[in-house]
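Order-wise, the sequence lines are chains A and B. Here the first sequence is numbered in numbering that gives the first Met the number 0, starting from 0 and rising by one per residue. Here the second sequence is numbered in numbering that gives the first Met the number 0, starting from 0 and rising by one per residue. Take a look at the structure set out below.
2 protein chains.
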Amino acid sequence: MNLFAQIAVTATLGSVALVGYAQTGDVFSPQQRNLWLQKAAAAMSVMQETVKYPVRKVAIVSDTAAYQGWKAVEAGAAAAFFDTSLKTQSGTVLDFGEHLTGYFSCTFALTTTSVSDAPVRLKLTFAETPAELAIPFDPYPGGLSRAWLQDETVTVDYIPSSFSLSRRVSFRYLKIEVLGSSSFDFRISEMNIRAQTSAVGEPEPLPAATPPLIKDIDRIGVATLRECMQTVYEDGPKRDRRLWLGDLYLEALANACSFKNHTLTKRCLYLLAAVAAPDGLLHACAFDIPDIHPQTGTQILDYALLFNTALLDYLKNTGDRETALDLWPVALQQTEVAKTFIGDTFMYNGKPIWIFFDWRSGFDTKAAIQGCFVKTFKDACELAQLLGRQKDVATLPAFTAKLAGAARKNMFDAKRGVFVSGPDRQISYLSQAWMTLGGVLSKKEAQKALKTVLSMPEAVYPGTPYGTHFFIEALIACGLHTEAREYLLQYWGGMVHKGADTFWEVYDPDNDLLSPYNFAPINSYCHAWACTPVYFIRNYPEIFAK
Amino acid sequence: MNLFAQIAVTATLGSVALVGYAQTGDVFSPQQRNLWLQKAAAAMSVMQETVKYPVRKVAIVSDTAAYQGWKAVEAGAAAAFFDTSLKTQSGTVLDFGEHLTGYFSCTFALTTTSVSDAPVRLKLTFAETPAELAIPFDPYPGGLSRAWLQDETVTVDYIPSSFSLSRRVSFRYLKIEVLGSSSFDFRISEMNIRAQTSAVGEPEPLPAATPPLIKDIDRIGVATLRECMQTVYEDGPKRDRRLWLGDLYLEALANACSFKNHTLTKRCLYLLAAVAAPDGLLHACAFDIPDIHPQTGTQILDYALLFNTALLDYLKNTGDRETALDLWPVALQQTEVAKTFIGDTFMYNGKPIWIFFDWRSGFDTKAAIQGCFVKTFKDACELAQLLGRQKDVATLPAFTAKLAGAARKNMFDAKRGVFVSGPDRQISYLSQAWMTLGGVLSKKEAQKALKTVLSMPEAVYPGTPYGTHFFIEALIACGLHTEAREYLLQYWGGMVHKGADTFWEVYDPDNDLLSPYNFAPINSYCHAWACTPVYFIRNYPEIFAK
Chain A
0 MNLFAQIAVT ATLGSVALVG YAQTGDVFSP QQRNLWLQKA AAAMSVMQET
50 VKYPVRKVAI VSDTAAYQGW KAVEAGAAAA FFDTSLKTQS GTVLDFGEHL
100 TGYFSCTFAL TTTSVSDAPV RLKLTFAETP AELAIPFDPY PGGLSRAWLQ
150 DETVTVDYIP SSFSLSRRVS FRYLKIEVLG SSSFDFRISE MNIRAQTSAV
200 GEPEPLPAAT PPLIKDIDRI GVATLRECMQ TVYEDGPKRD RRLWLGDLYL
250 EALANACSFK NHTLTKRCLY LLAAVAAPDG LLHACAFDIP DIHPQTGTQI
300 LDYALLFNTA LLDYLKNTGD RETALDLWPV ALQQTEVAKT FIGDTFMYNG
350 KPIWIFFDWR SGFDTKAAIQ GCFVKTFKDA CELAQLLGRQ KDVATLPAFT
400 AKLAGAARKN MFDAKRGVFV SGPDRQISYL SQAWMTLGGV LSKKEAQKAL
450 KTVLSMPEAV YPGTPYGTHF FIEALIACGL HTEAREYLLQ YWGGMVHKGA
500 DTFWEVYDPD NDLLSPYNFA PINSYCHAWA CTPVYFIRNY PEIFAK
Chain B
0 MNLFAQIAVT ATLGSVALVG YAQTGDVFSP QQRNLWLQKA AAAMSVMQET
50 VKYPVRKVAI VSDTAAYQGW KAVEAGAAAA FFDTSLKTQS GTVLDFGEHL
100 TGYFSCTFAL TTTSVSDAPV RLKLTFAETP AELAIPFDPY PGGLSRAWLQ
150 DETVTVDYIP SSFSLSRRVS FRYLKIEVLG SSSFDFRISE MNIRAQTSAV
200 GEPEPLPAAT PPLIKDIDRI GVATLRECMQ TVYEDGPKRD RRLWLGDLYL
250 EALANACSFK NHTLTKRCLY LLAAVAAPDG LLHACAFDIP DIHPQTGTQI
300 LDYALLFNTA LLDYLKNTGD RETALDLWPV ALQQTEVAKT FIGDTFMYNG
350 KPIWIFFDWR SGFDTKAAIQ GCFVKTFKDA CELAQLLGRQ KDVATLPAFT
400 AKLAGAARKN MFDAKRGVFV SGPDRQISYL SQAWMTLGGV LSKKEAQKAL
450 KTVLSMPEAV YPGTPYGTHF FIEALIACGL HTEAREYLLQ YWGGMVHKGA
500 DTFWEVYDPD NDLLSPYNFA PINSYCHAWA CTPVYFIRNY PEIFAK
């Protein structure tokens, strides 16, 4: 089913400061940054546009068994809505049948014999999940801007007229309330969303014999990825709508085995490079609207390190040596800056920087960052070799070996067979995962470490799809295929069973209302870092698609 | 002071159905209606545009002595607002120093080192009076569309950016509230209103010796008229923004001795003619946006009758016989249709129609409509004579004399010297006024009738500037100049003393919160029918400007 037929639109270079991103004490030359900016602009995707319509009316009904306590139930055909006075239908919820991202328009018409003599005041609330239409937004308790919530109050001056919302919205459900009107009667005669993505077409279908739940997980992951593929890989099309380096890494993995829009990956790699900090360390995120700029002051060490891995994967997937060579100085510089965070003991020296890995409260990142140093430095060396730039990293293999040695020496509890992290010797899924991905343990040791945490109820497990991705990747890396499959089925399958249309930013099987921002409706319910089952299922069919 | 410098903009014909306004059983031919529509379109004014800025910050302060209990007090220079973070100034009220009608824009800027990473949610409330910013709008108790209230919730996607509100606003004060934002800091660096009117320049100044209160009343009346002069004579630029026949009559009077934009009067006369009902009776109001159309079902007999008077005045003021001849069939038809409301006794026969004259609760209109028949039929005869169309009204003078006779016979209380109206023999200001304007009484009788009601506390007095206009006109007509001057000074002077920037739709000296719509903030505080002191002061300088 080709949901997104290609409609050619004029490619735009976007708004880009072609004079470069010159900074004081810059390790990169203005010419380099200018080149990267230009290449990011030139790699702008042709946006695919599809006009979509509501498919039915629904009622949002309280149900303790439903996800977040609310569900949408059938309440009639959409056609009836358009035939009927809006004044008699205030509060109607329309269901577009799928998660969509784009621009909303509608047409207001008078009913017979009416004359419009006053403006009409409406409230439009766009929602990714039923609960967003049931939980009051105000007074707003959340920790992010209230403005991300998609409720808009609209004044319609005259009827008949057409209305377009300038704001891009991301939703499946639309609630329409009449807040003010005069004695005349009117209806909405037509509405649509110009849905937008830079993903073209549909990925190859999975083998027919693939189990239904795996098919569902893949389908929802593909939808998640498609929605997040805009002019950059966005982290979430509802919120925060920007390019994060960590999400880019996961989206590029999923894209490479589904939509294969490698140009988008290229654009994002160049874009992040162009706006790196003066010392060369990449910002954790960047924006391309209204112009290309980084979120200055926001740097995540583990994200920056992943640039090497992402560029290596890109090169392997595309053979595009030109891009890889262009960006090699950036990749290399991540290892150079990373070294300033490593002390004489070949461990993280405590220099302040945000180390993320996961939103899990209380998670100690020291072991994970040690494993991440090892993993990404090895990737840097492999990338250098593929590009014939081994001399740039001549000392890195030995340095990396010392990091691995320090990890074993200082963090490995040989008796229990697990890595411990921090003063409280925390045992977590992600400490084992990153040490495994770094190859710090033998395959057998890694299997033991991972199995151990899986069997320990008190082990700190990941709280997000992002962290979960690396745990599953580690399970696969050491041959624990059954465990990898079970973990994926349990985690993403849990979201499927709870009715996900797209996969969520935050998913805790035991707490539907968990929010890093103190308010579940501000969570993103279509979040890039949750799309990676597409990668697992399609990249490891022998594990997942059987 | 030339506030509104002429900025030439392209004149537009507006959206006009040049196929005419054909209707079943139409007394006018499609060709006639088509001609009137085309002439209305061709008479579109060039809109005058002036860019205006806030002049200061104010605080809205409770004060039982202030109009409606609230006043605006100085709270600093406007410049400080633009230099300062908006997040620290949520709730600021900016004062533009005068009543303005047009299109609002502003520019959002980041403060140093900030990066915009989320949308911002703002509430903008535009207000004509301080109380509109203090009285909560919701839950809305009013009887007209809530959407007329000028509070807009706005999502600003990115900063820096520019924002324009698509809705036209009419206001002096603007309150700005931040409803949602992220950690980054921002300000509004610039804002303006593209103020719009079809009035050009400023009227002649009054003689220097004119008393200050008369000068104030004239100045505020001129501002009221200017604001209501848009693509049509609007009744109120905040609400209801349409052409009412009664308001047109008063605005045309004031315009003829101030801005002299007779083309606007012409456009409005043609426009109302073009959309008359099939029997030829004019609709009480019409719209020219989004296209020219009447408010079907809304006809006011006294308004329709005034078309003759308005066209007669137009001809006298301009000498434009072509227009008067074009529209003579419409004027004549008003007298023809009016006859169907007159019975064998030469009195109103009770056939249902809206008879207005004033919003005063309990006012009995029977005497006033009798006087109005006489007055406007006489005007029709004078108009016919000027146009050489006496034969069209050959029987009208005798008919009118019978109406006058019936009025005296059935409604005049000779003993008290006043007209009484309705079964309760109500004595009202407007009964006497309209009989005076119709010449039903001798000058001496009229003086006595008007003086009598002025001395009777229980006499029903007008509740609006509209009704008050005709009472003052009647005082002048019978030579009661001192009383006319005092009444005007007391009524419009009362609004001046209460701080009016423009004159109000409703003014009861004893009840600031009186509203025909059950909610004072929905009243119009710049209302066309309140502009007539401009006419009185400038047309009768010997009475008012001394």
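Note that beta-carbon positions come from the ideal geometry of N, C-alpha and C, so glycine has one too.
Who does residue i pair with in a DSSP beta bridge?
{"i": "A529 of chain B", "result": "Its beta-bridge partners do not exist; DSSP assigns none."}
{"i": "E131 of chain A", "result": "None, per the DSSP bridge assignment."}
{"i": "A483 of chain B", "result": "According to DSSP, which records beta bridges pairwise, A483 of chain B is partnered with nothing at all."}
{"i": "E151 of chain A", "result": "A:L123"}
{"i": "P293 of chain A", "result": "A:A285"}
So, are the CB atoms of residue i and residue j less than 8 Å apart?
{"i": "D131 of chain B", "j": "P520 of chain B", "result": "One detail in the question is off: residue 131 of chain B reads as Glu in this sequence, not Asp. Yes. Within cutoff."}
{"i": "C380 of chain A", "j": "H98 of chain A", "result": "no"}
{"i": "L280 of chain A", "j": "Q298 of chain A", "result": "yes"}
{"i": "F258 of chain A", "j": "A309 of chain A", "result": "no"}
{"i": "L164 of chain B", "j": "F103 of chain B", "result": "yes"}
{"i": "Y506 of chain A", "j": "Y460 of chain A", "result": "no"}
{"i": "F119 of chain B", "j": "S144 of chain A", "result": "Strictly speaking, residue 119 of chain B in this sequence is Val, with Phe absent from that position. A contact, by the Cβ cut-off of 8 Å."}
{"i": "F470 of chain B", "j": "A432 of chain B", "result": "yes"}
{"i": "L244 of chain B", "j": "F340 of chain B", "result": "no"}
{"i": "K174 of chain A", "j": "G96 of chain A", "result": "no"}
{"i": "D278 of chain A", "j": "V336 of chain A", "result": "yes"}
{"i": "L314 of chain A", "j": "A323 of chain A", "result": "yes"}
{"i": "L85 of chain A", "j": "V177 of chain A", "result": "yes"}
Measuring CA to CA, which of the options is closest to residue i?
{"i": "W69 of chain A", "options": "A:A253, A:D511, A:A207, A:A529", "result": "A:D511"}
{"i": "M228 of chain A", "options": "A:A544, A:L242, A:F80", "result": "A:L242"}
{"i": "A285 of chain B", "options": "A:A108, A:D116, A:L280, A:C256", "result": "A:D116"}
{"i": "S420 of chain B", "options": "B:A458, B:D391, B:S113", "result": "B:A458"}
{"i": "D94 of chain A", "options": "A:P129, A:C530, A:S113, A:A406", "result": "A:P129"}
{"i": "G75 of chain B", "options": "B:L382, B:R55, B:S89", "result": "B:R55"}
{"i": "Q489 of chain B", "options": "B:V168, B:I213, B:W147", "result": "B:I213"}
{"i": "F502 of chain B", "options": "B:R240, B:A207, B:E189, B:I219", "result": "B:I219"}
{"i": "F398 of chain A", "options": "A:T344, A:L440, A:C256, A:I352", "result": "A:T344"}
{"i": "A403 of chain A", "options": "A:K374, A:H480, A:Q384", "result": "A:K374"}
{"i": "G101 of chain B", "options": "B:A108, B:R166, B:L311", "result": "B:R166"}
{"i": "R186 of chain A", "options": "A:D137, A:C267, A:F162, A:V168", "result": "A:F162"}
{"i": "E73 of chain A", "options": "A:N260, A:T87, A:D82, A:P53", "result": "A:P53"}
{"i": "L479 of chain B", "options": "B:L449, B:G498, B:A499", "result": "B:L449"}
{"i": "D25 of chain A", "options": "A:M190, A:P159, A:A276", "result": "A:A276"}
{"i": "F518 of chain A", "options": "A:P140, A:E250, A:Y539, A:Q149", "result": "A:P140"}
{"i": "L249 of chain B", "options": "B:E201, B:F136, B:E233, B:T262", "result": "B:E233"}
Interface residues of chain A around residue i at Cβ under 7 Å?
{"i": "H292 of chain B", "result": "V114"}
{"i": "L280 of chain B", "result": "Under the 7 Å cutoff, chain A gives no residues; its nearest Cβ is about 16 Å from L280 of chain B."}
{"i": "S169 of chain B", "result": "Per Cβ cutoff of 7 Å: no residues; S169 of chain B is ~13 Å from chain A at best."}
{"i": "Y157 of chain B", "result": "I288, P289"}
{"i": "S181 of chain B", "result": "L143, S144"}
What residues of chain A sit near residue i, judged by a beta carbon separation below 8 Å?
{"i": "E151 of chain B", "result": "T152, T154"}
{"i": "D239 of chain B", "result": "D116, A117"}
{"i": "R166 of chain B", "result": "P118, T154, D156"}
Which chain B residues sit within Cβ distance under 8 Å of residue i?
{"i": "T550 of chain A", "result": "The question about residue 550 of chain A has no answer, for chain A in this structure spans 0 to 545."}
{"i": "S160 of chain A", "result": "P289"}
So residue i contacts chain A; which residues on that side make the cut at Cβ distance below 9 Å?
{"i": "L178 of chain B", "result": "D137, Y139, R145, A146"}
At a CB-CB cut-off below 9 Å, which residues of chain B make contact with residue i?
{"i": "P456 of chain A", "result": "Chain B residues near P456 of chain A: none, gap ~37 Å exceeds 9 Å."}
| task | Note down, one range per segment and in chain order, each alpha helix (DSSP H) of at least 4 residues found wholly within the segment 228 to 262 of chain A. | result | 244 to 255
| task | Entirely within the segment 413 to 471 of chain B and at least 4 residues each: give me those alpha helix (DSSP H) ranges in chain order. | result | 428 to 436, 442 to 454
| Which full runs of the alpha helix (DSSP H) of 4+ residues lie inside the segment 44 to 124 of chain A, going along the chain? | 77 to 82
| message | Restricting to runs no shorter than 3 residues, where is the beta strand (DSSP E) found entirely within the segment 332 to 399 of chain B? | response | none
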